[in-house]
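Novice: Residue numbers (this note's numbering): 12 to 502.
Would you mind keeping the following structure in view while I ask a few things?
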Amino acid sequence: MEKLTLYNTLTRQKELFEPIHKDHVGMYVCGPTVYGNAHLGHARPAITFDLLFRYLMHVGYKVRYVRNITDVGHLVNDADEGEDKVAKKARLEELEPMEIVQRYTNSYRKNMSDLNVLSPTIEPTASGHIIEQIGAVQKMLQAGFAYETNGSVYFDVERYAKQHAYGTLSGRKIEDLYSNTRELDGQQEKRSGLDFALWKNALPEHIMRWPSPWGEGFPGWHTECTAMSTKYLGTRFDIHGGGLDLLFPHHEAEIAQGVACFGHETVKYWIHNNMITINGQKMGKSLGNFIQLDELFTGTHPLLEKPYHPMAIRFFILQAHYRSPLDFSNEALQAAEKGFERLMNAMALLKDLKPADQSTIDVEKLCRDCYEALNDDLNSPILIAHLFDGVRMINSVKDGKASVTAEDLEKLQQLYAGLVTDVLGLQPVSGTADGEGDQLFGQVVDLLLTLRQEAKARKDWATSDQIRDRLTAMGFEIKDTREGAEWKLKS
RNA sequence: GGUCGGUUGGCCGAGUGGCUAGGCAGCGGUCUGCAAAACCGUGUACGGCGGUUCGAAUCCGCCAUCGACCUCCA
């Protein structure tokens, strides 16, 4: 098994990854709140933890990967009275809340599948786990770390902090928190501004509501993750992931809830991905740079010069380390797009490279370098740099300037299939002459190119150029190579 | 205001005491009827000022600047 190290936010250092149960890994990642279309911000954690998921499986672990769908709760704060985010949107569009939830869940899954993000092995919804959440709240009440006021239940942070450390994950001190607490709705029900809701009493106009021992209401923001992670992964599991913005208060609350429920922390490794900026600015609705994934794929957002293929986006995200901030711009995206194509071209060439009886390239070292990069806290940019070194080798072999033995060639092919296709999850985007696609269609294009070749042979440039130019206009890319013409569809 | 993290060449983005990151663009070349594409080769850098050190982009301090979190957010 590879020696994988991961940066644990809890200890602020890289640690050797050792699963709690041999050969098995339990991983929980905070998923989307499905009250709107998925945007650029959703792509980063999805791809980051997809990479981790894929790599863990690649090196031989059996992984249970749980990523939740938040379809209840979450108070909005732009009105004076608290309102359920999902319910609010529903009223605006005059739809049932569950219709909204269904629509945006479908849309999220479609976007993720376009990005070639694998489905988690379990994708639980908050609304489907009300009973478990009520159970968790009861546990916290019994343990004396929660109290009820007017049909709502709050977590007693002060009480908790007397016995346990609160704020260790985000590096916060409880005294500092006191001085920085803002006046919020429900404050008068709380004993302290630091306390957070475990269960909220539903106002009469509130649409999404469930019966509970405290009356009709809905679960607090942090409750679902504690209830669902421990239900499927046990009360002590390996990895909990999410965006850096969730560090406080969400993950801090989760730690406290876990300790309150089970008497010990539930998570061994906390992993956080960094955020995305657009042209150096934070992405936000008010800034007008809030880009949805659909807009990115179709190029319909005013900030975009052109559509970007999901694979180019995926490659772009993987070209930065997951703990670094990543800035989106047309220039950067187009650079990534070209680099991605270069890598895919080499992948295609690799399939039918001819072996020789000597290797002039060091495939063994390349393999080692690649795995070392991944093992070092999932350093995908370094991995990609090494893969590009390999691209140069592949092209040189193709040009006859370097050679590989049959054995090395197989190693090389396995390396690229394993790391590029399986672990990085990168796939070619357009049909090529030898690719998938419609076979007949390919044969027709080949026929046209044969005719063009014949025209060229008798120096009938008018005919040959007409065939090429018309095909180009239709969106084909024609390449004249030593072995004859090749074609592919421009993405 | 508090806490934390950045500032690397034309652009993106790794690295973290001495040893080539990589991609894109640029430039030169190969191929070619022309073109496109592809391929090969190639360079300029580490926010400012001070300090530690034989040696610092890399460690320390101060300053500037950007961002994240502190309130829903991936």
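We put the CB at the ideal spot given by N, CA and C, even for glycine.
Measuring straight from C-alpha to C-alpha, what distance separates Ala357 and Asn406?
Specialist: Approximately 7 angstroms between the Cα atoms of the pair.
Novice: Quick one: residues in its chain with C-beta nearer than 8 angstroms to the C-beta of Gly52, no 5 flanking neighbours on either side, listed in chain order?
Specialist: For Gly52, where only same-chain residues beyond five positions count, the Cβ hits under 8 angstroms are Gly254, Met286, Ile287, Met294.
Novice: Given this structure, state the Cα-to-Cα distance separating Leu63 from Ala271, to the nearest angstrom.
Specialist: Rounded to the nearest angstrom, the two C-alpha atoms are 29 angstroms apart.
Novice: Any contact of the region 65-73 with the region 324-332, i.e. 3+ C-beta pairs under 8 angstroms?
Specialist: Output reads no: the region 324-332 does not touch the region 65-73.
Novice: Suppose the cutoff is 6 angstroms on Cβ atoms and the five residues either side in sequence are ignored; what does the same chain contact list for Leu423 look like?
Specialist: Val374.
Novice: Which of helix, strand or coil does DSSP assign to Val455?
Specialist: Of the three classes helix, strand and coil, the one that applies to Val455 here is helix, per DSSP.
Novice: List, from N- to C-terminal side, the alpha helix (DSSP H) runs of 4 residues or more that fit wholly inside the region 57-136.
Specialist: Entirely contained in the region 57-136, the alpha helix (DSSP H) runs reaching 4 residues are, in chain order, 96-104, 108-125.
Novice: Could you spell out where the alpha helix (DSSP H) holding Ala359 opens and where it closes?
Specialist: Note, Ala359: alpha helix (DSSP H), 341-362.
Novice: At what residues does the beta strand (DSSP E) containing Trp210 begin and finish?
Specialist: First-last of the beta strand (DSSP E) with Trp210: 207-212.
Novice: Please list the segments of the beta strand (DSSP E) lying wholly inside the region 243-303, counting only runs of 3 or more residues, in order along the chain.
Specialist: With a minimum length of 3 residues, the continuous beta strand (DSSP E) runs that stay inside the region 243-303 are 248-254, 278-284, 287-289.
Novice: Between Leu430 and Leu377, how many whole angstroms is the CB-CB distance? I'm expecting something under 8 angstroms.
Specialist: Not really, about 10 angstroms apart at Cβ, beyond 8 angstroms.
Novice: What is the residue span of the alpha helix (DSSP H) that Met219 lies within?
Specialist: Segment: none, Met219 is in no alpha helix (DSSP H) and carries neither H nor E.
Novice: Once DSSP output is grouped into helix, strand and coil, what is the label at Ala157?
Specialist: Correct three-state label for Ala157: strand.
Novice: For His275, which option in Trp281, Ile266, Ile282, His283 has the closest C-alpha, if you only look at C-alpha atoms?
Specialist: Checked all of Trp281, Ile266, Ile282, His283; the closest Cα to His275 is Ile266.
Novice: Would you report the Cα separation of Ala238 and Gln144, rounded to the nearest angstrom?
Specialist: Each residue's alpha carbon lies about 5 angstroms from the other.
Novice: Can you give me the Cβ contacts of Phe259 inside the same chain, cut-off strictly under 6 angstroms, excluding the 5 residues immediately before and after it?
Specialist: Contacts found: Ser181.
Novice: Under DSSP, the alpha helix (DSSP H) around Asp480 begins and ends at which residues?
Specialist: Taken as a continuous stretch (DSSP letters only), the alpha helix (DSSP H) holding Asp480 covers 472-485.
Novice: Determine the contact status of Pro43 and Val77, defining contact as a CB-CB distance below 8 angstroms.
Specialist: Cβ distance not < 8 angstroms, so Pro43 and Val77 don't count as in contact.
Novice: Give every residue of the same chain whose Cβ lies closer than 7 angstroms to the Cβ of Met123, excluding the five residues on either side of it in the sequence, and list them in chain order.
Specialist: Result list for Met123: Ala57, in chain order.
Novice: As a quick exercise: from His320, Arg353, Asp388, Asp380, pick the residue whose alpha carbon is nearest that of Ser335.
Specialist: The candidate whose alpha carbon is nearest that of Ser335 is Asp388.
Novice: Considering Cα atoms alone, identify which of Gly411, Lys184, Asp457, Phe60 is closest to Lys490.
Specialist: Per the Cα distances, Asp457.
Novice: If you pair each beta-carbon of the region 128-142 with each one of the region 157-174, do three or more pairs fall below 8 angstroms?
Specialist: No: fewer than three Cβ pairs fall under 8 angstroms.
Novice: Measure from the alpha carbon of Met38 to the alpha carbon of each residue in Tyr66, Trp225, Cys381, then state which is nearest.
Specialist: Answer by Cα proximity: Tyr66.
Novice: When DSSP labels each residue in this structure, what does Gly182 get in the three-state scheme?
Specialist: Coil.
Novice: Does the region 145-164 come within contact of the region 245-252, defined as at least 3 CB pairs closer than 8 angstroms?
Specialist: Because the criterion of three Cβ pairs below 8 angstroms is not met, the region 145-164 and the region 245-252 do not touch.
Novice: When you compare only the Cα positions, how much space is there between Glu227 and Tyr115?
Specialist: One C-alpha to the other measures close to 26 angstroms.
Novice: Identify whether Tyr165 lies in helix, strand or coil by the three-state DSSP scheme.
Specialist: Correct three-state label for Tyr165: strand.
Novice: Taking the beta carbon of Trp472 as the centre, do at least 16 other beta carbons fall within 10 Å, making it buried, or is it exposed?
Specialist: Exposed, by the Cβ-count rule.
Novice: Can you say whether Arg463 is buried or exposed, counting buried as having 16 or more other CB atoms within 10 angstroms of its CB?
Specialist: Flag for Arg463 reads buried.
Novice: Just curious, the beta strand (DSSP E) that Val40 is in, first and last residue?
Specialist: Where Val40 is concerned, the enclosing beta strand (DSSP E) stretches over 35-40.
Novice: With DSSP collapsed to three states, give me the class of Tyr333.
Specialist: In the structure shown, Tyr333 sits in coil (DSSP, three-state: anything other than H, G, I, E or B).
Novice: Going by the beta-carbon positions, is the gap between Pro257 and Gly231 smaller than 8 angstroms?
Specialist: Here the sequence assigns Leu to residue 257, which means Pro is not the residue at that position. No, the pair does not count as a contact, with Cβ atoms beyond the cut-off.
Novice: When DSSP builds the beta bridges, which residues end up paired with Lys376?
Specialist: None; Lys376 has no bridge partner.
Novice: Between which two residues does the alpha helix (DSSP H) carrying Glu418 extend?
Specialist: Counting along the chain, the alpha helix (DSSP H) containing Glu418 begins and ends at 417-427.
Novice: CB Ala54 to CB Leu304, shorter than 8 angstroms?
Specialist: The answer is yes: Cβ separation under 8 angstroms.
Novice: List the DSSP bridge partners of Phe326.
Specialist: Its beta-bridge partners do not exist; DSSP assigns none.
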